[in-house]
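With mature numbering (1 follows the signal peptide of the UniProt record, and there is no 0) as the guide, the letters of the sequence shown map in order to residues -26 to -1, 1 to 271.
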Amino acid sequence: MKKIVKGIIATSVGLGLFGGTLTASASSQYSASRSNSVRLVWRRSMGKHALVASQGARYSEHLGIRYDYNSNTPDMVWYTNAHEELYDVDSGNYLIYYHVNSADGQHGGWIWRGYLNDASSTQKAKTTVPVATPSTSTTGTGSTSTSDNTAPATATTSTMDWTNAIQGFDLQPADVNLMKMFPNCVYDRSVETAANDFIANGNNILQFGMGTPQAQAGVEYLLSGIGIQYKDFRAIVINVKDTDNTDEMAQALSAAGYSKNIRDFSYSGWKIGGGIEENTDDENTPYGEGVVFLVQE
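Shown next, in the form of C-alpha coordinates:
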(Lines of atoms letter the chains of each structure in order from A and count residues from 1; the text may use other names and numbers.)
(Lines give C-alpha, C1' and ligand atoms only; values in the text may rest on other atoms or scores of the structure.)
Protein backbone atom coordinates (compact mmCIF):
# COMPACT_ATOMS: atom_id res chain seq x y z
CA MET A 1 0.00 0.00 0.00
CA LYS A 2 1.14 3.51 -0.75
CA LYS A 3 2.74 4.81 2.41
CA ILE A 4 1.80 8.17 3.94
CA VAL A 5 4.75 10.28 5.02
CA LYS A 6 4.08 12.14 8.26
CA GLY A 7 5.32 15.46 9.51
CA ILE A 8 4.14 17.95 6.92
CA ILE A 9 3.08 21.12 8.70
CA ALA A 10 0.04 22.57 6.97
CA THR A 11 1.05 26.19 7.41
CA SER A 12 4.43 25.60 5.84
CA VAL A 13 3.30 23.67 2.79
CA GLY A 14 3.50 25.78 -0.34
CA LEU A 15 5.43 26.28 -3.51
CA GLY A 16 8.66 26.34 -1.58
CA LEU A 17 8.13 22.72 -0.59
CA PHE A 18 6.32 21.27 -3.55
CA GLY A 19 7.66 23.40 -6.41
CA GLY A 20 5.76 25.17 -9.14
CA THR A 21 6.08 28.54 -10.79
CA LEU A 22 3.94 31.64 -10.37
CA THR A 23 3.09 33.43 -13.59
CA ALA A 24 3.20 37.18 -13.96
CA SER A 25 -0.56 37.38 -14.12
CA ALA A 26 -1.15 35.20 -11.07
CA SER A 27 -1.79 38.11 -8.73
CA SER A 28 -4.77 39.22 -10.80
CA GLN A 29 -6.31 35.76 -10.33
CA TYR A 30 -6.32 35.86 -6.54
CA SER A 31 -9.72 35.38 -4.91
CA ALA A 32 -10.10 36.01 -1.19
CA SER A 33 -13.69 34.75 -1.23
CA ARG A 34 -12.64 31.46 -2.82
CA SER A 35 -9.80 31.02 -0.34
CA ASN A 36 -12.06 31.77 2.61
CA SER A 37 -14.73 29.35 1.37
CA VAL A 38 -12.65 26.28 2.29
CA ARG A 39 -10.96 24.99 5.41
CA LEU A 40 -8.02 22.62 5.51
CA VAL A 41 -8.83 19.29 7.19
CA TRP A 42 -5.54 17.50 6.55
CA ARG A 43 -2.59 17.58 4.19
CA ARG A 44 -0.08 14.77 3.59
CA SER A 45 2.60 13.79 1.13
CA MET A 46 1.85 10.94 -1.27
CA GLY A 47 3.50 8.74 -3.86
CA LYS A 48 4.31 9.75 -7.41
CA HIS A 49 1.50 9.06 -9.89
CA ALA A 50 1.28 10.25 -13.50
CA LEU A 51 -2.03 12.02 -14.17
CA VAL A 52 -3.62 14.32 -16.74
CA ALA A 53 -6.43 16.89 -16.48
CA SER A 54 -8.42 18.79 -19.10
CA GLN A 55 -11.16 20.28 -16.89
CA GLY A 56 -11.18 22.62 -13.93
CA ALA A 57 -8.20 24.70 -12.87
CA ARG A 58 -4.91 24.56 -11.00
CA TYR A 59 -4.62 26.56 -7.76
CA SER A 60 -2.23 27.62 -5.06
CA GLU A 61 -2.70 26.16 -1.60
CA HIS A 62 -6.07 26.99 -0.07
CA LEU A 63 -7.26 27.85 -3.61
CA GLY A 64 -6.29 31.49 -3.20
CA ILE A 65 -4.60 31.91 -6.59
CA ARG A 66 -5.80 30.33 -9.82
CA TYR A 67 -2.67 29.54 -11.80
CA ASP A 68 -4.27 28.31 -15.01
CA TYR A 69 -7.19 26.42 -16.49
CA ASN A 70 -6.50 22.75 -17.15
CA SER A 71 -8.06 23.10 -20.59
CA ASN A 72 -4.95 25.07 -21.55
CA THR A 73 -2.69 22.12 -20.71
CA PRO A 74 -4.76 19.01 -21.59
CA ASP A 75 -1.70 17.00 -22.67
CA MET A 76 0.49 17.96 -19.72
CA VAL A 77 1.44 14.97 -17.57
CA TRP A 78 1.28 15.88 -13.90
CA TYR A 79 3.12 14.03 -11.14
CA THR A 80 1.65 13.92 -7.65
CA ASN A 81 3.57 14.50 -4.43
CA ALA A 82 0.89 15.47 -1.89
CA HIS A 83 -2.84 15.49 -1.28
CA GLU A 84 -5.19 17.31 1.05
CA GLU A 85 -8.79 17.37 2.17
CA LEU A 86 -10.66 20.67 2.19
CA TYR A 87 -14.03 21.39 3.77
CA ASP A 88 -16.29 23.51 1.57
CA VAL A 89 -18.07 25.85 3.97
CA ASP A 90 -20.96 26.66 1.62
CA SER A 91 -21.86 23.14 0.48
CA GLY A 92 -20.71 21.19 3.53
CA ASN A 93 -18.79 18.79 1.27
CA TYR A 94 -15.28 17.47 1.77
CA LEU A 95 -13.00 17.80 -1.27
CA ILE A 96 -9.76 15.99 -2.06
CA TYR A 97 -7.09 17.95 -3.94
CA TYR A 98 -3.80 16.60 -5.30
CA HIS A 99 -0.64 18.66 -5.51
CA VAL A 100 1.09 18.10 -8.85
CA ASN A 101 4.17 19.24 -10.74
CA SER A 102 5.13 19.00 -14.38
CA ALA A 103 8.10 16.81 -15.28
CA ASP A 104 10.38 19.84 -15.68
CA GLY A 105 9.21 21.39 -12.42
CA GLN A 106 8.16 24.63 -14.12
CA HIS A 107 4.46 24.24 -13.39
CA GLY A 108 2.59 23.03 -10.35
CA GLY A 109 -0.39 23.52 -8.10
CA TRP A 110 -3.44 21.89 -6.56
CA ILE A 111 -6.07 20.19 -8.73
CA TRP A 112 -9.34 18.65 -7.56
CA ARG A 113 -9.07 14.87 -7.71
CA GLY A 114 -12.22 14.54 -9.79
CA TYR A 115 -10.54 16.32 -12.71
CA LEU A 116 -7.48 14.06 -12.73
CA ASN A 117 -7.20 10.89 -14.78
CA ASP A 118 -4.55 8.22 -15.06
CA ALA A 119 -2.12 9.30 -17.77
CA SER A 120 -1.57 5.75 -19.00
CA SER A 121 -5.30 5.23 -19.58
CA THR A 122 -5.24 7.83 -22.32
CA GLN A 123 -2.52 5.96 -24.16
CA LYS A 124 -3.31 2.29 -23.82
CA ALA A 125 -6.38 0.08 -23.63
CA LYS A 126 -7.14 -2.25 -20.77
CA THR A 127 -4.85 -5.23 -20.44
CA THR A 128 -6.44 -8.28 -22.05
CA VAL A 129 -5.51 -11.92 -22.44
CA PRO A 130 -6.66 -14.27 -25.21
CA VAL A 131 -9.09 -16.98 -24.20
CA ALA A 132 -9.63 -20.00 -26.39
CA THR A 133 -13.29 -20.65 -27.27
CA PRO A 134 -13.60 -23.93 -29.19
CA SER A 135 -16.44 -24.01 -31.72
CA THR A 136 -17.88 -27.13 -33.29
CA SER A 137 -19.42 -27.25 -36.76
CA THR A 138 -20.77 -29.96 -39.06
CA THR A 139 -19.23 -30.30 -42.53
CA GLY A 140 -21.04 -31.23 -45.69
CA THR A 141 -19.89 -34.81 -45.30
CA GLY A 142 -21.47 -35.12 -41.91
CA SER A 143 -18.12 -35.14 -40.08
CA THR A 144 -17.40 -32.88 -37.16
CA SER A 145 -14.55 -30.36 -36.99
CA THR A 146 -13.40 -28.25 -34.11
CA SER A 147 -11.60 -24.91 -34.41
CA ASP A 148 -10.11 -22.64 -31.73
CA ASN A 149 -11.29 -19.04 -32.03
CA THR A 150 -9.61 -16.60 -29.68
CA ALA A 151 -11.70 -13.92 -27.98
CA PRO A 152 -10.24 -11.21 -25.75
CA ALA A 153 -11.15 -11.14 -22.08
CA THR A 154 -10.25 -8.59 -19.46
CA ALA A 155 -7.39 -9.81 -17.30
CA THR A 156 -8.20 -10.55 -13.67
CA THR A 157 -6.03 -10.25 -10.58
CA SER A 158 -4.86 -13.82 -11.10
CA THR A 159 -3.93 -13.41 -14.79
CA MET A 160 -2.82 -9.79 -15.24
CA ASP A 161 0.72 -8.43 -15.43
CA TRP A 162 1.08 -6.38 -12.24
CA THR A 163 4.20 -4.48 -13.34
CA ASN A 164 2.52 -1.17 -14.27
CA ALA A 165 0.25 -1.22 -11.23
CA ILE A 166 3.17 -1.90 -8.90
CA GLN A 167 5.12 1.02 -10.34
CA GLY A 168 2.15 3.39 -10.56
CA PHE A 169 0.88 2.93 -7.01
CA ASP A 170 4.01 1.74 -5.24
CA LEU A 171 2.23 -1.54 -4.52
CA GLN A 172 4.03 -4.05 -2.33
CA PRO A 173 3.83 -7.85 -2.68
CA ALA A 174 1.43 -7.97 0.27
CA ASP A 175 -0.94 -5.54 -1.48
CA VAL A 176 -0.98 -7.68 -4.62
CA ASN A 177 -1.43 -10.89 -2.63
CA LEU A 178 -4.41 -9.39 -0.83
CA MET A 179 -6.16 -8.44 -4.08
CA LYS A 180 -5.34 -11.82 -5.64
CA MET A 181 -7.48 -13.35 -2.89
CA PHE A 182 -10.30 -12.34 -5.25
CA PRO A 183 -8.91 -14.12 -8.35
CA ASN A 184 -11.72 -13.26 -10.74
CA CYS A 185 -11.93 -9.54 -9.98
CA VAL A 186 -10.46 -6.89 -12.29
CA TYR A 187 -7.88 -4.48 -10.90
CA ASP A 188 -8.88 -0.84 -11.35
CA ARG A 189 -6.73 2.20 -10.59
CA SER A 190 -9.67 4.42 -9.66
CA VAL A 191 -10.87 1.87 -7.12
CA GLU A 192 -7.27 1.60 -5.90
CA THR A 193 -7.22 5.36 -5.39
CA ALA A 194 -10.40 5.15 -3.31
CA ALA A 195 -8.88 2.37 -1.22
CA ASN A 196 -5.73 4.47 -0.72
CA ASP A 197 -7.86 7.39 0.45
CA PHE A 198 -9.56 5.06 2.92
CA ILE A 199 -6.16 4.03 4.28
CA ALA A 200 -5.20 7.70 4.57
CA ASN A 201 -8.38 8.92 6.23
CA GLY A 202 -10.28 5.77 7.14
CA ASN A 203 -10.33 6.44 10.87
CA ASN A 204 -13.08 8.99 10.28
CA ILE A 205 -15.16 6.19 8.78
CA LEU A 206 -14.11 3.31 11.01
CA GLN A 207 -15.13 5.19 14.14
CA PHE A 208 -18.76 4.53 13.18
CA GLY A 209 -18.24 0.80 12.50
CA MET A 210 -18.13 -0.67 9.00
CA GLY A 211 -21.73 -1.87 9.05
CA THR A 212 -23.27 1.50 9.86
CA PRO A 213 -25.04 3.92 7.50
CA GLN A 214 -22.39 6.54 8.33
CA ALA A 215 -19.60 4.23 7.18
CA GLN A 216 -21.50 3.37 4.01
CA ALA A 217 -21.97 7.06 3.28
CA GLY A 218 -18.25 7.64 3.86
CA VAL A 219 -17.26 4.97 1.35
CA GLU A 220 -19.84 6.25 -1.13
CA TYR A 221 -18.24 9.67 -0.83
CA LEU A 222 -14.79 8.28 -1.58
CA LEU A 223 -16.07 6.47 -4.66
CA SER A 224 -18.20 9.29 -6.05
CA GLY A 225 -15.47 11.85 -5.35
CA ILE A 226 -13.27 10.06 -7.88
CA GLY A 227 -16.13 9.71 -10.35
CA ILE A 228 -16.63 5.96 -9.90
CA GLN A 229 -20.10 4.87 -10.98
CA TYR A 230 -21.41 1.73 -9.34
CA LYS A 231 -24.44 -0.48 -8.89
CA ASP A 232 -23.05 -2.05 -5.75
CA PHE A 233 -19.86 -2.11 -3.73
CA ARG A 234 -18.15 -3.86 -0.83
CA ALA A 235 -15.64 -2.29 1.54
CA ILE A 236 -13.74 -4.90 3.54
CA VAL A 237 -11.37 -4.21 6.43
CA ILE A 238 -9.21 -6.93 7.97
CA ASN A 239 -6.30 -7.08 10.38
CA VAL A 240 -3.39 -9.52 10.29
CA LYS A 241 -0.27 -9.93 12.41
CA ASP A 242 1.98 -10.93 9.49
CA THR A 243 1.44 -9.08 6.21
CA ASP A 244 3.49 -11.67 4.31
CA ASN A 245 1.31 -14.57 5.46
CA THR A 246 -1.30 -15.24 2.77
CA ASP A 247 -2.91 -17.98 4.85
CA GLU A 248 -3.58 -15.43 7.60
CA MET A 249 -5.03 -13.04 5.00
CA ALA A 250 -7.37 -15.78 3.77
CA GLN A 251 -8.45 -16.61 7.33
CA ALA A 252 -9.12 -12.94 8.11
CA LEU A 253 -11.22 -12.55 4.96
CA SER A 254 -13.17 -15.70 5.79
CA ALA A 255 -13.79 -14.38 9.29
CA ALA A 256 -15.13 -11.19 7.71
CA GLY A 257 -17.63 -13.24 5.70
CA TYR A 258 -15.61 -13.79 2.52
CA SER A 259 -14.77 -17.47 2.32
CA LYS A 260 -12.65 -18.88 -0.50
CA ASN A 261 -15.75 -20.02 -2.36
CA ILE A 262 -17.29 -16.55 -2.11
CA ARG A 263 -14.04 -14.86 -3.13
CA ASP A 264 -13.59 -17.18 -6.10
CA PHE A 265 -17.07 -16.98 -7.57
CA SER A 266 -19.37 -14.33 -6.07
CA TYR A 267 -17.52 -11.26 -7.35
CA SER A 268 -16.33 -12.32 -10.80
CA GLY A 269 -15.88 -9.27 -13.02
CA TRP A 270 -16.13 -6.77 -10.16
CA LYS A 271 -13.45 -4.08 -10.03
CA ILE A 272 -11.00 -4.23 -7.15
CA GLY A 273 -8.50 -2.02 -5.38
CA GLY A 274 -6.86 -2.43 -2.03
CA GLY A 275 -3.77 -2.89 0.06
CA ILE A 276 -2.40 -3.65 3.48
CA GLU A 277 -0.46 -1.37 5.82
CA GLU A 278 3.13 -2.48 6.40
CA ASN A 279 4.43 0.72 8.01
CA THR A 280 4.84 0.19 11.74
CA ASP A 281 5.30 3.94 12.30
CA ASP A 282 2.02 5.03 10.71
CA GLU A 283 -0.02 6.97 13.27
CA ASN A 284 -3.20 6.87 11.19
CA THR A 285 -3.38 3.20 10.22
CA PRO A 286 -2.17 0.28 12.35
CA TYR A 287 0.27 -2.27 10.97
CA GLY A 288 -1.52 -5.19 9.35
CA GLU A 289 -4.75 -3.37 8.55
CA GLY A 290 -5.92 -4.38 5.09
CA VAL A 291 -8.56 -2.74 2.94
CA VAL A 292 -10.31 -4.16 -0.12
CA PHE A 293 -12.81 -2.23 -2.22
CA LEU A 294 -15.00 -4.20 -4.64
CA VAL A 295 -17.13 -2.28 -7.14
CA GLN A 296 -19.81 -3.54 -9.50
CA GLU A 297 -20.55 -1.19 -12.38
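Note that CB positions come from ideal geometry on N, CA and C, so glycine has one too.
Where does Leu(-10) fall in DSSP's three states?
Note on Leu(-10): pLDDT 36, under 50, position unreliable in the model; no value is reported.
From Asp64 to Ser7, what distance separates their C-alpha atoms?
11 Å
Could you work out which residue in Asn138, Gly201, Gln190 and Gly247 is closest to Met155 when comparing CA atoms only?
Gly247
Can you tell me the Cα-Cα spacing of Gly243 and Phe207, whole angstroms?
12 Å
Under the three-state reduction of DSSP, which class applies to His73: helix, strand or coil?
strand
How should Tyr72 be labelled, buried or exposed, when 16 other C-beta atoms within 10 angstroms of its C-beta is the threshold for buried?
buried
For Glu271, does the three-state DSSP call read helix, strand or coil?
coil
Can you look up Ala129 in the DSSP assignment and give me helix, strand or coil?
coil
Between the alpha carbons of Tyr261 and Leu60, how many angstroms are there, rounded?
C-alpha separation (whole angstroms): 27 Å.
Report the three-state DSSP secondary structure of Asp171 (helix, strand or coil).
helix
Which same chain residues end up closer than 8 Å to Glu271 when comparing Cβ atoms and leaving out the 5 residues on each side of it in sequence?
Gln203, Tyr204, Lys205 and Lys245
For the pair the segment 176 to 196 and the segment 78 to 90, tell me if three or more CB-CB distances fall below 8 Å.
no
Taking the Cβ atom as the reference point for each residue, do Ala139 and Phe267 lie within a distance shorter than 9 Å?
no
If you run the structure through DSSP and keep just helix, strand and coil, what is Ile140?
helix
Just reading off the beta strand (DSSP E) that Ser19 is part of, what are its end residues?
Under the DSSP assignment, Ser19 falls in the beta strand (DSSP E) whose first and last residues are Val12 to Ser19.
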